[in-house]
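Numbering (this note's numbering), first residue to last: 400 to 1015.
Reviewing the structure listed below.
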DNA sequence: AAAAAAC
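If you want it as structure tokens, here you go:
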């Protein structure tokens, strides 16, 4: 918990990066030739220095985008056997030879065994909660989950990590994370990704999506053939995988997770996001990067400075993908993915993950994908039987006192009079500040996170909340998606969002990893456009729908952006909607209004009304 | 209309 990225960076700054990738000789004018950025594949990095590692096979080096063949596609599928633990000099898959050094092997390569152990921080943080039922994932909650896949030749799911052959080092880390067996989304998504296929995956909040895209990426990089990244100036780095997320804190979190998964695999993970000094991030990049986790703005900056090139990208993952492709983000994402030097779909491997996936966003997203598999993993009806959802009718003017009542009751029921962690969502940044102020005045220790606060303040607020120091966090939607905050007992929608998908993500901050949670929403006339969708959602989640809400729902306009189509799944592959698009070859006609999509007609998959989302 | 995301 203690270790911020800055601390980590400070630690590692002391290290010597090995010769492998230390491309730059300080002076700009200094000769480039001897220290060309020769890429040393991860499986060679932990060797004894004598192993003469970084001599890549001559031929397959970088042969343009077409060499981007994804990890397992070529040889990987046939015998997914790890290369023998000795170094041979064959090229291609297995060519690197040598499996990644075991736990004890801390020599050679660039890090020389000084890799910070990412597991230690966690263990300490957990103790603060002395909670016995806390470790691991409650898998019982994930039994009987319906799964829908579509696309050609879908690889079958696996039941255990053991049968996936991710490699020793990664398996060790999986054990250290106490992941006993894969969650449903992992069972399906990992074989798909290892099979080299593009993927659009919808899975409930808190169900392990991060690992689902990290494992195949790490494994693929480890087993991938050595490539030489083209020198384009010594200061440019060439990550092999790019993971984008919509908020800085989520990028930080993904980075922390990915660091655990890649511990002692030789795979290097770097994070870059705005609001923090860029210099440390640049230094981190110079020390080598295989997986870059980033927010879009900072990444564009790095690309424009030519400090990062996407030319060698083999894996692209968009977390909260529907968010990344909505109006606010889409141009930036398009720029990054389509207008820089990233290999095109079909060459790179692309994975999109979210708990929600509106149809029109699916349509947009298909631009970034090639012959992809659609995967929806969800409990019947809803994301979250684990979350008890309550809706209360509260006038604007009564919201504060109502919240106070909830907090008082909660404190009374709490263990040792301690306030359980409560996450309060509001609509605006100003509203967040003023509610925080009011709560503090009234004796409730609260803090706030929103986009008008400095990055330092944001991170401090989150830490303080996580630790229980400040058990009430008032947040805008910056905290709605992806953040994994253990022990959040209660999510309060003080102001309801306008979009039901945002509601799904917000309440998903509780009830994670199979644990139970509570979500309370304050509803009034201002939220009438959400009534129908909210009532439907709650009904599908087997929640008690107040009669007044049902009446509201019946009264309000049925359609609107928030209307989901029914069915077992929150979402379906948009390619399967409509009458004439069953085949896999013609789904691009989807954009054509004559094809049954996109018209103003009443199809569930249409543009305007009938927008559907996946959740859970 | 608001939120997020670079300097």
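The C-beta atom is built at its ideal place from N, Cα and C for all residues, glycine as well.
Inter-residue Cα distance where the pair is residue i and residue j
{"i": "residue 652", "j": "residue 576", "result": "15 Å"}
{"i": "residue 624", "j": "residue 618", "result": "12 Å"}
{"i": "residue 626", "j": "residue 669", "result": "19 Å"}
{"i": "residue 769", "j": "residue 693", "result": "23 Å"}
{"i": "residue 905", "j": "residue 892", "result": "8 Å"}
{"i": "residue 730", "j": "residue 815", "result": "50 Å"}
{"i": "residue 823", "j": "residue 606", "result": "22 Å"}
{"i": "residue 602", "j": "residue 753", "result": "6 Å"}
{"i": "residue 773", "j": "residue 797", "result": "44 Å"}
{"i": "residue 666", "j": "residue 687", "result": "9 Å"}
{"i": "residue 827", "j": "residue 643", "result": "25 Å"}
{"i": "residue 845", "j": "residue 838", "result": "6 Å"}
{"i": "residue 696", "j": "residue 672", "result": "7 Å"}
{"i": "residue 841", "j": "residue 847", "result": "16 Å"}
{"i": "residue 976", "j": "residue 843", "result": "49 Å"}
{"i": "residue 781", "j": "residue 879", "result": "Because the pLDDT at residue 781 is just 47, under 50, the model does not fix this residue reliably, and the value given afterwards should be weighed accordingly. Approximately 18 Å between the Cα atoms of the pair."}
{"i": "residue 928", "j": "residue 792", "result": "15 Å"}
{"i": "residue 595", "j": "residue 552", "result": "12 Å"}
{"i": "residue 944", "j": "residue 937", "result": "6 Å"}
{"i": "residue 932", "j": "residue 894", "result": "16 Å"}
{"i": "residue 896", "j": "residue 519", "result": "38 Å"}
{"i": "residue 656", "j": "residue 573", "result": "11 Å"}
{"i": "residue 620", "j": "residue 640", "result": "8 Å"}
{"i": "residue 560", "j": "residue 745", "result": "27 Å"}
{"i": "residue 835", "j": "residue 873", "result": "6 Å"}
{"i": "residue 737", "j": "residue 747", "result": "12 Å"}
{"i": "residue 399", "j": "residue 860", "result": "The requested residue 399 does not occur in the structure, where the chain is confined to residues 400 to 1015."}
{"i": "residue 790", "j": "residue 830", "result": "21 Å"}
{"i": "residue 955", "j": "residue 930", "result": "7 Å"}
Candidates the options: closest to residue i by CA position
{"i": "residue 371", "options": "574, 606 and 565", "result": "No information on residue 371 is available, as it lies outside the stretch 400 to 1015 that the chain covers here."}
{"i": "residue 726", "options": "825, 615, 760 and 667", "result": "760"}
{"i": "residue 743", "options": "715, 547, 724 and 922", "result": "715"}
{"i": "residue 698", "options": "635, 547 and 835", "result": "635"}
{"i": "residue 809", "options": "890, 734, 793 and 894", "result": "890"}
{"i": "residue 558", "options": "825, 589 and 567", "result": "589"}
{"i": "residue 514", "options": "654, 661, 581 and 633", "result": "661"}
{"i": "residue 911", "options": "921, 920 and 884", "result": "884"}
{"i": "residue 649", "options": "843, 952, 881 and 681", "result": "881"}
{"i": "residue 647", "options": "766, 675, 896 and 641", "result": "675"}
{"i": "residue 689", "options": "710, 704 and 677", "result": "710"}
{"i": "residue 849", "options": "802, 887 and 876", "result": "876"}
{"i": "residue 920", "options": "728, 825 and 569", "result": "825"}
{"i": "residue 1047", "options": "974, 622 and 728", "result": "Nothing can be reported for residue 1047, as the shown portion of the chain is limited to 400 through 1015."}
{"i": "residue 562", "options": "579, 550 and 549", "result": "579"}
{"i": "residue 788", "options": "952, 705 and 935", "result": "935"}
{"i": "residue 679", "options": "659, 701 and 658", "result": "701"}
Endpoints, beta strand (DSSP E) assigned at residue i
{"i": "residue 792", "result": "786 to 792"}
{"i": "residue 750", "result": "748 to 753"}
{"i": "residue 892", "result": "887 to 892"}
{"i": "residue 677", "result": "First-last for residue 677: 677 to 685, but that is the alpha helix (DSSP H), not the beta strand (DSSP E)."}
{"i": "residue 588", "result": "Where residue 588 is concerned, there is no enclosing beta strand (DSSP E), although the alpha helix (DSSP H) it sits in stretches over 583 to 593."}
{"i": "residue 916", "result": "916 to 922"}
{"i": "residue 547", "result": "546 to 549"}
{"i": "residue 741", "result": "Where residue 741 is concerned, there is no enclosing beta strand (DSSP E), given that its DSSP letter is neither H nor E."}
Nearest-angstrom beta carbon gap, residue j and residue i [assumed within contact, 8 Å]
{"i": "residue 899", "j": "residue 821", "result": "Between residue 821 and residue 899 the Cβ distance is about 22 Å, and since that is not below 8 Å, they are no contact."}
{"i": "residue 750", "j": "residue 598", "result": "5 Å"}
{"i": "residue 664", "j": "residue 907", "result": "Incorrect: roughly 30 Å between the Cβ atoms, too far for contact."}
{"i": "residue 720", "j": "residue 819", "result": "Not confirmed; about 32 Å, so no contact."}
{"i": "residue 1016", "j": "residue 712", "result": "Because the chain spans 400 through 1015 in this model, residue 1016 falls outside it and cannot be assessed."}
{"i": "residue 784", "j": "residue 941", "result": "6 Å"}
{"i": "residue 546", "j": "residue 776", "result": "5 Å"}
{"i": "residue 762", "j": "residue 973", "result": "6 Å"}
{"i": "residue 923", "j": "residue 795", "result": "6 Å"}
Residue span of the alpha helix (DSSP H) that contains residue i, given as start and end
{"i": "residue 609", "result": "608 to 622"}
{"i": "residue 576", "result": "Where residue 576 is concerned, there is no enclosing alpha helix (DSSP H), given that its DSSP letter is neither H nor E."}
{"i": "residue 715", "result": "Segment 714 to 717 is the beta strand (DSSP E) holding residue 715; no alpha helix (DSSP H) there."}
{"i": "residue 660", "result": "647 to 660"}
{"i": "residue 735", "result": "729 to 737"}
>> Check whether the segment 577 to 585 and the segment 610 to 619 touch, using three or more Cβ-Cβ pairs below 8 Å as the test.
In response: Counting C-beta pairs closer than 8 Å gives three or more between the segment 577 to 585 and the segment 610 to 619, which meets the contact rule.
> Any contact of the segment 916 to 927 with the segment 849 to 868, i.e. 3+ C-beta pairs under 8 Å?
Replying inline: Under the Cβ criterion (8 Å, minimum of three pairs), the segment 916 to 927 does not count as touching the segment 849 to 868.
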